[in-house]
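Visitor: Sharing a structure with you now.
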Ligand code: NAP
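Numbering (our numbering), first residue to last: 678 to 969.
Shown next, in the form of structure tokens:
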């Protein structure tokens, strides 16, 4: 399949590489030309802008940062929409607000372009291994068209519902993972400040009801104090903001997510925004009188 890929950061680069390995014909575009090079070296071709990319593709995928970025590459000057490619399927795999995804879908559909919101979970590790969870919102026809591309990048691929439903699933995912990373950091900091080896505590907890992938993977990296991103804290702040904005739109009470969102605000304010989200441990240590 002829696929165009936009945005080759921590996630986009390995996802695009997996499309190439899966035998797809890949063209790429990035804002900064240097971000494109690893894919050109691997055999992809480069395009001058998103419109040029879309003109030659059956499927276009974006993996950028937030809603304004998706709007820019899809609907902005020289964006995918300006290619005039009726019948194209465009997929955004970034994490953005569900209401923004629905609005982008409607504007693209007016130009004959079908749009899927297809955010992912599984992190850089899952992107490299091609084992991401992919949560999809949009038409069944577009979902079917995208199947062979999704299969190269993910393992658990779920058509959740209509436009925006993929982003709703992802926001729900971020409630669980945001709260999860905070509670694991709290538990390990609690153990350490009680004078008990947090590594032994984690080991004990892994066998009981406190087990989670976050305790296993993120907990291990917290013990190693490996704060290299991964998933940058400012991205998790963005995601908790998506959760809280959506809750505001719906008039929903999300007390635990709200407290977690405040902690991610404080991480960015404390200069930890570019570190992995597990650096929330450092923030807790500082708030508890430790060095962090
Ligand atoms: P990243 O490393 O910062 O990469 C984002 C890429 O998007 C950058 O390479 C940047 O391109 C490009 N970009 C941003 N704004 C753009 C714009 N306006 N126009 C064109 N390109 C733009 O971030 P990431 O970790 O890969 O995350 C990407 C998305 O996946 C985010 O929505 C994030 O929430 C989501 N996500 C991340 C993870 C994770 O573990 N990292 C897991 C699940 C979901 P340049 O390099 O050219 O500047």
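Yeah, the Cβ is synthetic: ideal placement off N, Cα and C, and Gly gets one too.
Is the Cβ-Cβ distance between residue 751 and residue 684 less than 8 Å?
Guide: Not closer than 8 Å, so no.
Visitor: Of the residues 855, 785 and 779, which one's Cα is nearest the Cα of residue 914?
Guide: Nearest of 855, 785 and 779 to residue 914, Cα basis: 855.
Visitor: Taking only runs that begin and end inside the stretch 775-832, name each unbroken alpha helix (DSSP H) of 4 or more residues, in chain order.
Guide: Complete alpha helix (DSSP H) runs here, min 4: 775-787, 800-806 and 817-830.
Visitor: Looking only at DSSP bridge pairs, what is residue 683 linked to?
Guide: According to DSSP, residue 683 bridges with 706 and 739.
Visitor: How is residue 895 classed by DSSP in three states: helix, strand or coil?
Guide: Helix.
Visitor: Tell me which same chain residues have a C-beta within less than 6 Å of the C-beta of residue 811, skipping the five on either side of it?
Guide: Contacts found: 795, 797, 827, 831 and 834.
Visitor: If I'm right that residue 681 touches residue 730 with Cβ under 8 Å, what's the distance once you round it to whole angstroms?
Guide: Rounded, the Cβ-Cβ distance is 4 Å, consistent with contact.
Visitor: Would you call the CB atoms of residue 719 and residue 765 closer than 8 Å?
Guide: Not closer than 8 Å, so no.
Visitor: So the beta strand (DSSP E) residue 861 belongs to, where does it begin and stop?
Guide: Premise fails: residue 861 lies in the alpha helix (DSSP H), 842-870, not in any beta strand (DSSP E).
Visitor: Roughly how many angstroms lie between the CA atoms of residue 703 and residue 722, to the nearest whole one?
Guide: Using only the alpha carbons, I get a separation of about 7 Å.
Visitor: Ends of the beta strand (DSSP E) at residue 955?
Guide: No beta strand (DSSP E) holds residue 955; DSSP gives it neither H nor E.
Visitor: Going by the CB atoms, is the gap between residue 816 and residue 778 shorter than 8 Å?
Guide: The answer is no: Cβ separation not under 8 Å.
Visitor: Drop a sphere of 10 angstroms on the beta-carbon of residue 762, count the other beta-carbons inside from all chains shown, and report buried for 16 or more, exposed for fewer.
Guide: The residue is buried, with at least 16 neighbouring Cβ atoms inside 10 Å.
Visitor: Considering Cα atoms alone, identify which of 935, 866 and 737 is closest to residue 966.
Guide: Minimum Cα distance to residue 966 is reached at 866.
Visitor: Which one or two residues does DSSP pair with residue 834 in a beta bridge?
Guide: The partner list for residue 834 (beta bridge, DSSP) reads 811.
Visitor: Tell me where the alpha helix (DSSP H) around residue 731 begins and ends.
Guide: Looking at the DSSP string, the run of the alpha helix (DSSP H) that includes residue 731 is 727-732.
Visitor: Going by DSSP, what residues sit across from residue 766 in a beta bridge?
Guide: According to DSSP, which records beta bridges pairwise, residue 766 is partnered with 736 and 791.
Visitor: Quick check: residue 889 and residue 954, are their CB atoms within less than 8 Å of each other?
Guide: Going by C-beta atoms, residue 889 is not nearer than 8 Å to residue 954.
Visitor: Evaluate contact between the stretch 895-904 and the stretch 921-937, counting only Cβ atoms and requiring at least three cross-stretch pairs below 8 Å.
Guide: These segments do not touch.
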